[in-house]
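Q:
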Amino acid sequence: MNKPEILQLGAYSERDEALLNEHFVMHRFFEVDDKEAFLKQHAANIKAIGTRGDLRVEGELIDALPALEMIAVYGVGYDGVDMDRVIARDLRMSNTPDVLTGDVADYAVAMMLAQSRAIVGASDWVRSGNWGNTGGYGLTSRVHGKRVGVLGLGRIGFEIAKRLAAFDMEINYSSRSAKPEAADWNFIADPVALAEASDFLFVALAANAETRHIVSKEVIEAMGSTGMIINISRAANIDEEALLDALESGALGSAALDVFEGEPVINERFFALDNVLLQPHQGSGTVETREAMGDLVRNNLLAHFEGRDLLTPVN
Ligand code: 8YV
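See the structure below:
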């Protein structure tokens, strides 16, 4: 039987691509120069799209694939997919929840610690010989015992809060409603009030029309000149221009960011700032997690084409 033909929108690991190629014809669309000519030749045979959480799947592309049955997302966030078209075409869709939760939560806490204690700058200080030539690096800022706000207490937000409780921090959170499993923590519905009650604000929300720029100029300024914003969700959850303005003026003390508007090409204003930790969307980027994500993409596609229930369906 012919292998199902899949439109691959971004690179996966060598391991995952080798395993996918055993079962499917993987068309590496992101490497195609003349996409219109490619679609004219192959669109009629494309049964599924393989994408990533950080990529967009526009309605126009979905409409250009008359035989499309399914979209498999390598990632938990599927905000880049035109869900109106998915629903209109009655497409099946899968993502990769749970397997990445712990690593993303670890990374969020690591980013807070790295920025607060200047881990990167201090390492560069030693590596450059300055420690021997000039002396100590200088004092940084304490983390344990301070106040934290978690904006979005979903799977990742909850794991972040659990980790921070071990740092004897006061845990505040905002979510659609108070969560019984978070009874020991303080529910503060309003994002501005949450920021006013926090020294560190973790943005852990799914990105959608409701959460776009929820971290507004007002929220950013409520963090103040000693506050830190950590974002491991999506750039769209923060008003990035207001964030840059506040970081440049000192209205916000610092930030630790794993996601950016336009990534991987980001606003060059960030490069001039010494009060922001810049990371390349690496939250889920461990060998173990990425293999588990790749297995879910492959096994969801196999389930679909073998007529079985999807392992991790979105719809
Ligand atoms: C990316 C993510 O998908 O899980 C998500 O939604 O944003 C990330 O895990 C991953 O970095 C692959 O690009």
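So for the sequence shown, my numbering puts the first residue at 1; every next one is plus one.
All C-beta atoms, glycine included, are put in the ideal place defined by N, C-alpha and C.
Predicted model, so just to flag it, every value in this text is computed and none were measured.
So, do the segment 27–41 and the segment 281–301 have three or more beta carbon pairs nearer to each other than 8 Å?
A: With a cut-off of 8 Å, the segment 281–301 and the segment 27–41 do not count as touching, because too few Cβ pairs lie within range.
Q: Using a Cβ-Cβ cut-off of 6 Å (strictly less than) and excluding sequence neighbours within five positions of R15, which residues of its own chain qualify?
A: For the purposes of this step, residue 15 is identified with residue 15 of the sequence shown, where counting begins at 1. Result list for R15: empty, nothing under 6 Å.
Q: Just tell me which of L39, I87, M112 has its CA closest to the CA of F202.
A: Counted from its first residue, the sequence shown places residue 202 at position 202. Here the closest residue by C-alpha is M112.
Q: Helix, strand or coil for T140, going by three-state DSSP, please let me know.
A: Taking the sequence shown and counting its residues from 1, the one referred to as residue 140 is at position 140. T140 falls in the coil class under three-state DSSP.
Q: Keeping to the same chain, check which residues put their C-beta closer than 8 Å to that of R212; ignore five residues upstream and five downstream.
A: For this step, residue 212 is matched to residue 212 along the sequence shown. A236, N237.
Q: Measure the CB-CB distance between D258 and Q279 and report whether it falls below 9 Å.
A: Start at 1 with the first residue of the sequence shown, and residue 258 comes out as number 258. Start at 1 with the first residue of the sequence shown, and residue 279 comes out as number 279. Against a cut-off of 9 Å, the Cβ pair of Q279 and D258 comes out as a contact.
Q: In whole angstroms, give me the CA-to-CA distance for R56 and R92.
A: Taking the sequence shown and counting its residues from 1, the one referred to as residue 56 is at position 56. Taking the sequence shown and counting its residues from 1, the one referred to as residue 92 is at position 92. Straight-line Cα distance between these residues: approximately 17 Å.
Q: Which two residues bound the contiguous alpha helix (DSSP H) that contains H304?
A: Along the sequence shown, read from residue 1 onward, the residue named residue 304 stands at position 304. Counting along the chain, the alpha helix (DSSP H) containing H304 begins and ends at 287–305.
Q: Does at least one heavy atom of the ligand 8YV sit under 8 Å from the Cβ of V76?
A: For the purposes of this step, residue 76 is identified with residue 76 of the sequence shown, where counting begins at 1. Yes - the ligand 8YV has a heavy atom lying nearer than 8 Å to the Cβ of V76.
Q: Could I get the ranges of all uninterrupted alpha helix (DSSP H) runs contained in the segment 34–98, with 4 residues as the minimum, in chain order?
A: As far as the segment 34–98 is concerned, its whole alpha helix (DSSP H) runs of at least 4 residues are 35–42, 59–63, 83–88.
Q: Look at V73 and G53 and say whether their C-beta atoms are less than 9 Å apart.
A: Start at 1 with the first residue of the sequence shown, and residue 73 comes out as number 73. Start at 1 with the first residue of the sequence shown, and residue 53 comes out as number 53. In contact: V73 and G53 (Cβ atoms closer than 9 Å).
Q: Within the present structure, is the beta-carbon of Q279 separated from the nearest heavy atom of the ligand 8YV by less than 8 Å?
A: The residue given as residue 279 occupies position 279 in the sequence shown. It does not: the Cβ of Q279 is nowhere closer than 8 Å to a heavy atom of the ligand 8YV.
Q: Can you grab the Cα-Cα spacing for the pair L65 / R89, in whole Å?
A: In the sequence shown, residue 65 corresponds to position 65, counting from 1. In the sequence shown, residue 89 corresponds to position 89, counting from 1. So the two alpha carbons sit approximately 11 Å from each other.
Q: Is I317 helix, strand or coil by DSSP?
A: For residue 317 there is no data in the structure shown, the boundaries of the chain being 1 and 315.
Q: Tell me which residue opens and which closes the alpha helix (DSSP H) that L201 is part of.
A: As a working mapping, residue 201 is identified with position 201 in the sequence shown. Counting along the chain, L201 falls outside any alpha helix (DSSP H), though it belongs to the beta strand (DSSP E) covering 200–203.
Q: What do you reckon, are the CB atoms on G227 and L252 nearer than 9 Å?
A: Numbered from its first residue, the sequence shown carries residue 227 at position 227. Numbered from its first residue, the sequence shown carries residue 252 at position 252. Yes, these two residues count as a Cβ contact at 9 Å.
Q: Here's the rule: buried if 16 or more other CB atoms are within 10 angstroms of the residue's CB, otherwise exposed. What is L139?
A: Counting from one through the sequence shown, the residue named residue 139 turns up at place 139. It is exposed - the Cβ of L139 has fewer than 16 other Cβ atoms within 10 Å.
Q: Go ahead and pull the three-state DSSP assignment for R155.
A: Residue 155 sits at position 155 when you count from the first residue of the sequence shown. It is helical.
Q: Would you grab the beta carbon distance between T51 and G10 for me? Rounded to a whole angstrom, and I think it's under 8 Å.
A: Taking the first residue of the sequence shown as 1, we reach residue 51 at position 51. Taking the first residue of the sequence shown as 1, we reach residue 10 at position 10. Yes, T51 and G10 are in contact; Cβ-Cβ is about 7 Å, under 8 Å.
Q: Output yes or no for whether 9 Å exceeds the beta carbon distance between P191 and V219.
A: As a working mapping, residue 191 is identified with position 191 in the sequence shown. As a working mapping, residue 219 is identified with position 219 in the sequence shown. It is a contact, given that the beta carbons lie within the stated cut-off.
Q: If you drop the 5 nearest sequence neighbours on each side, which residues of the same chain put their C-beta closer than 8 Å to that of W131?
A: Here residue 131 is taken as the residue at index 131 of the sequence shown, counted from 1. Only W125, Y137 meet the Cβ criterion.
Q: Identify whether M228 lies in helix, strand or coil by the three-state DSSP scheme.
A: Locating residue 228 in the sequence shown gives position 228, counting from the first residue. Correct three-state label for M228: strand.
Q: If V150 and Y173 are in contact, beta carbons under 8 Å, what's the gap, nearest whole angstrom?
A: If you number the sequence shown from 1, residue 150 lands on position 150. If you number the sequence shown from 1, residue 173 lands on position 173. Right, the Cβ-Cβ distance comes to about 4 Å (below 8 Å), so this counts as a contact.
Q: Just the C-alpha distance for S198 and A178, rounded to the nearest angstrom, thanks.
A: Taking the sequence shown and counting its residues from 1, one reaches residue 198 at position 198. Taking the sequence shown and counting its residues from 1, one reaches residue 178 at position 178. Rounded to whole angstroms, S198 to A178 spans 18 Å at the Cα level.
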